[in-house]
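Residue numbers (the numbering used here), protein chains in the order written: chain A, 9 to 231; chain B, 44 to 298.
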């Protein structure tokens, strides 16, 4: 058994282009997840029962359905219903965003609950409107608690985004597969792809660690 | 060719429901098998990671880091299409899938076990030693039973993740729920129906596990001696007038 470095070097540029696509999908999916997740968290912390019920139903659904099922459902299933086709890139983003929304909802909820209720009370005492208190007082403080878990969610979405080739996105693994079928070098190309992806996820996790430390530095400590 | 418009064809789903349920049975069986293997492996890794031998600790941490960093899809095609073909090992999809799932899962479980073991008060080990118990007895009869209590929610979450991850085994043709849904969707040209049913079955499976975990947690908490387990999921209220009485800050969730 010999490791064919030549084929790796020749395929690497195309694979890296595919990698860019994976990262783009993960980033856009994360954006969708953040927006939906914030909405779910706010509904879940609402005063009334109905929004809270909607939030828990959303969480149960989004956490229960595997990402792969979502991808197929959005890419192959929805067009049957609506009659309009959806691109594989958009379908991947939607599927990742839906799955991520449950995890981000949890992150936001935990972060918001971690803020001292005295802050909300202080805002009330100052006569700030509820929305101002939320956006200007509670959320900025909650953000600190949300960084590390958000990075974890992003890493999860990035790992999830590696399956997009199943709906035909020409990502790194798609190219690795295509070339390895032609040249019969699956071991070389899949190993390369796997190593690159591990390096990226570890790098993102480290980055999150650094950001968290920096945010912590500016923190006012209470006795 | 395809019918358009809002028409959920219940007939075609019902006709193939036995196949779908059978396939879901395989998904559950694969998840249980992977969980069982991973529990054994994860426990060994966790014990190794908390041991006194530095080399062993480093190896166990490496195992945890590497397999928590790898995506299942990448690992499965590496194992099944890369490694197996290169080494000319002929391994059937289902055992290959179970082994790969267990390998990844063992890293997550090891981390759960490790943090759980370390959460147990040192005094418990010391008390065991003072009573003259052997190292093995201290670990298995004193520390592990207490650690298990705090681990139940995390283990439950892990199990739901493994069940969902079985769907990825469709790419190596393990005839579980997702693979079966794909082939039925292609045969009948009804992707919407079959992927919806697949999603619903997974949601049901995950909900059952979540519910079982909550029941187990409650039972264990009842038997806990003197607050060994902090009541999980109950937010600490630091301000007396923090929230209005009719405004409990919680959703139905345990994480």
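Just so you know, even glycine gets a beta-carbon here, dropped at the ideal spot from N, CA and C. Small disclaimer: the values here were computed from a predicted structure and weren't measured.
Of all the CB atoms in chain A, is at least one closer than 8 Å to the CB of residue 129 (chain B)? yes
If you drop the 5 nearest sequence neighbours on each side, which residues of the same chain put their C-beta closer than 7 Å to that of residue 233 (chain B)? 52, 55
State the DSSP-derived secondary structure class of residue 208 (chain A), mapped to helix, strand or coil. helix
Kindly indicate if chain A contains any beta-carbon less than 8 Å away from that of residue 196 (chain B). no
Beta-carbon proximity list for residue 185 (chain A), same chain, < 6 Å, skipping 5 on both sides: none
Residue 162 (chain B) versus residue 182 (chain B): straight-line alpha-carbon distance, rounded: 13 Å
Within 8 Å, do at least three Cβ pairs link the segment 74-91 of chain A to the segment 42-56 of chain A? no
For the putative contact between residue 169 (chain A) and residue 33 (chain A), defined by C-beta atoms under 8 Å, what is the C-beta separation to the nearest angstrom? 5 Å
Residue range of the alpha helix (DSSP H) that includes residue 33 (chain A): 13-52
Counting Cβ pairs, one atom from each stretch, are 3 or more of them under 8 Å apart for the segment 114-126 of chain A and the segment 90-105 of chain A? no
Is it right to say residue 258 (chain B) is buried, meaning 16 or more other beta carbons lie within 10 angstroms of its own, or is it exposed? exposed
So is residue 213 (chain B) in contact with chain A if we call contact Cβ pairs under 8 Å? yes
Would you call the CB atoms of residue 88 (chain B) and residue 106 (chain B) closer than 8 Å? yes
Should the segment 213-224 of chain B be regarded as contacting the segment 240-253 of chain B, the criterion being three or more beta carbon pairs within less than 8 Å? yes
What is the rounded straight-line gap between the Cα of residue 204 (chain B) and the Cα of residue 136 (chain A)? 42 Å
I want to know whether the segment 14-30 of chain A touches the segment 83-94 of chain A - three or more CB-CB distances under 8 Å. no
In whole angstroms, what is the alpha-carbon distance linking residue 194 (chain A) and residue 150 (chain A)? 46 Å
Among A:125, A:159, A:154, the one whose alpha carbon lies nearest that of residue 145 (chain A): A:125
Would residue 173 (chain A) be called buried (16 or more neighbouring beta carbons within 10 Å of its own) or exposed? buried
Cβ-based burial, residue 121 (chain B) [other Cβ within 10 Å; buried from 16]: buried
Residues of the segment 162-187 of chain A with a CB closer than 9 Å to any CB of chain B: list them in chain order, please. 163, 166, 167, 168, 169, 170, 171, 173, 174, 181, 184, 185
Buried or exposed: where does residue 68 (chain B) fall if 16 or more other Cβ atoms within 10 Å of its Cβ makes it buried? exposed
Nearest chain B C-beta to residue 25 (chain A) closer than 8 Å, yes or no? no
Does the separation of the CB atoms of residue 84 (chain A) and residue 96 (chain A) fall below 8 Å? no
Under 8 Å, with one C-beta from each stretch per pair, do the segment 200-214 of chain B and the segment 66-86 of chain B reach the 3-pair mark? yes
Would you call the CB atoms of residue 93 (chain B) and residue 160 (chain B) closer than 8 Å? yes
Where do the ends of the alpha helix (DSSP H) carrying residue 128 (chain A) lie? 125-133
8 Å is my cut-off, CB to CB: does residue 231 (chain A) come that close to chain B? Confidence at residue 231 (chain A) is low in this model, with a pLDDT of 42, below 50, so its placement is unreliable and no value can be given for it.
Starting from residue 232 (chain A), trace the alpha helix (DSSP H) both ways and give me its first and last residue. This structure cannot settle anything about residue 232 (chain A), because the visible part of chain A is limited to 9 through 231.
Could you check the C-alpha separation between residue 263 (chain B) and residue 20 (chain A) for me, to the nearest Å? 53 Å
Between residue 99 (chain B) and chain A, is there a C-beta pair that is closer than 8 Å? no
Let's see if you can read the secondary structure: which residues bound the alpha helix (DSSP H) around residue 138 (chain B)? 136-162
Among A:166, A:111, A:213, A:130, the one whose alpha carbon lies nearest that of residue 46 (chain A): A:111
If we count the other Cβ atoms within 10 Å of its Cβ and call it buried at 16 or more, is residue 179 (chain A) buried or exposed? buried
In three-state terms, what does DSSP make of residue 273 (chain B)? Unreliable placement is indicated for residue 273 (chain B), whose pLDDT of 46 sits below 50; no coordinate value is reported for it.
Is DSSP giving residue 295 (chain B) helix, strand or coil here? Note that residue 295 (chain B) scores 40 on pLDDT, short of 50, meaning its location in the model is unreliable; the coordinates nonetheless yield the value given after this. Of the three classes helix, strand and coil, the one that applies to residue 295 (chain B) here is coil, per DSSP.
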